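Once you know that position 45 of the sequence shown is 104 in the numbering used here, the rest is easy, because the numbers rise by one and skip nothing.
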Amino acid sequence: MNYNKYQKYKDIIFLAKCKIANKILINYYKSTMNNCKNMIKNSNNKVIISLTTIPSRIDTVWITIESLLRQSYKPDRIILWLGKELFQNIALPKELLLQKKRGLEIYYCKDLICHTKYYYTLKENPESNIITVDDDIIYYKNMIKELIDVGKRYPKNIVCHRAHEILLDSNYNIKKYKEWNWEGKKVQGPSNRLLQTGVSGVLYPPHSLNNEVLNKDKFMRLCPKADDVWLKVMAIINGTKIVKVRKKSMHYPIIYNTQKIALSIKNIEENGNDIQIKNLFEEYNINSKLLI
60 MNYNKYQKYK
70 DIIFLAKCKI
80 ANKILINYYK
90 STMNNCKNMI
100 KNSNNKVIIS
110 LTTIPSRIDT
120 VWITIESLLR
130 QSYKPDRIIL
140 WLGKELFQNI
150 ALPKELLLQK
160 KRGLEIYYCK
170 DLICHTKYYY
180 TLKENPESNI
190 ITVDDDIIYY
200 KNMIKELIDV
210 GKRYPKNIVC
220 HRAHEILLDS
230 NYNIKKYKEW
240 NWEGKKVQGP
250 SNRLLQTGVS
260 GVLYPPHSLN
270 NEVLNKDKFM
280 RLCPKADDVW
290 LKVMAIINGT
300 KIVKVRKKSM
310 HYPIIYNTQK
320 IALSIKNIEE
330 NGNDIQIKNL
340 FEEYNINSKL
350 LI
């Protein structure tokens, strides 16, 4: 099912679920935050959650982080990276400051747009399992546990809750992003044809990505606004496949009033992903037959 048909079919149901989750979970988080203790293991660096945000979401990102703090599987660290160019003279909300006392780490860095999400954590922790998440999502409590459990069965693969299946035409050219098997319906993997989407959480095991992944000059030139695409290409040239937790992709509730300065819509509607995919496949001389 392609992007347009999928969206028309799913939007009403998904938005209804978001409305319920926002009303119930956010109120629950607010009423119980003061009673919650440190909910991060901090025993080692085996599992690190990494994310970034933008100024327009700084007052709501705590909701995402709260859902991560309350996971059934406790990560060792949760790191929020803030682009210092974006956050000059912007005070952090009280909710984030309270979460810092419970183990959240907040660091300022040079802004790398969407790549800020993973770049610094990966650079500083190459031997860790790194889980990337988005800043506008409420994650269900078993999100991390399910990634870890599947990762144990497929230790050399990247594990995700949501992915699209890349489709090829009769000449083995990659079809337009909108024409792919949206959310990889009925495909679980491990597969070279799945492209993981960070919105629902992605587990990157140590050394699952080529060392070129940290070449910020390259990704800022060729793929500045599509971190998922960059990371997928780094997996391809490293020989790493993608596997979903289950055949059906999971999309967790979106936090209201955060949609969208999101890059994802721009990438889809303006064919941004197609351009950036083309850039990367040409740069790294990747034969699309590798996706068969």
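Virtual Cβ for every residue (Gly too), placed ideally from N, Cα, C. The structure displayed is predicted, hence computed values, not measured ones.
Classify residue i as helix, strand or coil using the three-state DSSP reduction.
i, result
"A294", "helix"
"N240", "strand"
"Q147", "coil"
"K105", "coil"
"Q158", "helix"
"K100", "coil"
"E164", "strand"
"V288", "helix"
"N216", "coil"
"R129", "coil"
"R305", "coil"
"H223", "strand"
"N188", "strand"
"T180", "helix"
"L84", "helix"
"I314", "coil"
"I351", "coil"
"L206", "helix"
"L339", "helix"
"I196", "strand"
What separation, rounded to the nearest whole angstrom, lies between the Cα atoms of residue i and residue j?
i, j, result
"K215", "N188", "11 Å"
"I85", "M92", "10 Å"
"D135", "T256", "23 Å"
"N81", "K153", "20 Å"
"Y198", "E341", "36 Å"
"S259", "N148", "31 Å"
"K235", "Y315", "30 Å"
"K78", "N344", "45 Å"
"I72", "H310", "12 Å"
"C173", "A285", "7 Å"
"L156", "I351", "48 Å"
"V292", "C219", "16 Å"
"I320", "S131", "Confidence in I320 is poor, its pLDDT being 48 and thus under 50, which makes the residue's placement unreliable; the coordinate value appears in the next sentence. When rounded, the distance between both Cα atoms is 31 Å."
"I107", "I190", "6 Å"
"L322", "N346", "In this prediction, L322 has a pLDDT of 49, which is less than 50 and means its spatial position is unreliable; what the coordinates show is noted afterwards. Using only the alpha carbons, I get a separation of about 27 Å."
"N184", "E205", "22 Å"
"K89", "Q158", "12 Å"
"R221", "K307", "8 Å"
"L145", "Y263", "27 Å"
"K275", "N251", "24 Å"
"N201", "N330", "34 Å"
Take residue i and list the residues in its own chain whose beta-carbon comes closer than 7 Å to its own, dropping the five residues that flank it on each side.
i, result
"S126", "I197 and Y198"
"K76", "P312"
"I233", "I225, L227, I336 and S347"
Grab me the residues of residue i's own chain with a C-beta within less than 6 Å of its C-beta, minus the 5 sequence neighbours each way, in chain order.
i, result
"D194", "L110, T112, R116, V120 and T123"
"N269", "M293, I296 and N297"
Within a Cβ cutoff of 8 Å, which residues of the same chain sit near residue i, ignoring the five residues on either side of it in sequence?
i, result
"N338", "L281 and C282"
"V288", "L254, C282, N332, Q335, I336 and L339"
"T299", "K215, N216, I217, S267 and L268"
Three Cβ pairs or more, each shorter than 8 Å: is that satisfied between the stretch 131–150 and the stretch 172–192? At 8 Å Cβ cutoff, the stretches touch.
Do the stretch 267–281 and the stretch 200–212 meet, that is, are 3 or more Cβ pairs less than 8 Å apart? No: fewer than three Cβ pairs fall under 8 Å.
Touch check for the stretch 242–254 and the stretch 297–308: three-plus C-beta pairs under 8 Å? These segments touch.
Check whether the stretch 218–234 and the stretch 163–176 touch, using three or more Cβ-Cβ pairs below 8 Å as the test. By the Cβ test, the stretch 218–234 is not in contact with the stretch 163–176, since fewer than three Cβ pairs between them sit closer than 8 Å.
Hey, which unbroken runs of the alpha helix (DSSP H) at 4 residues or more fall wholly within the stretch 244–281? 275–281, all fully within the stretch 244–281.
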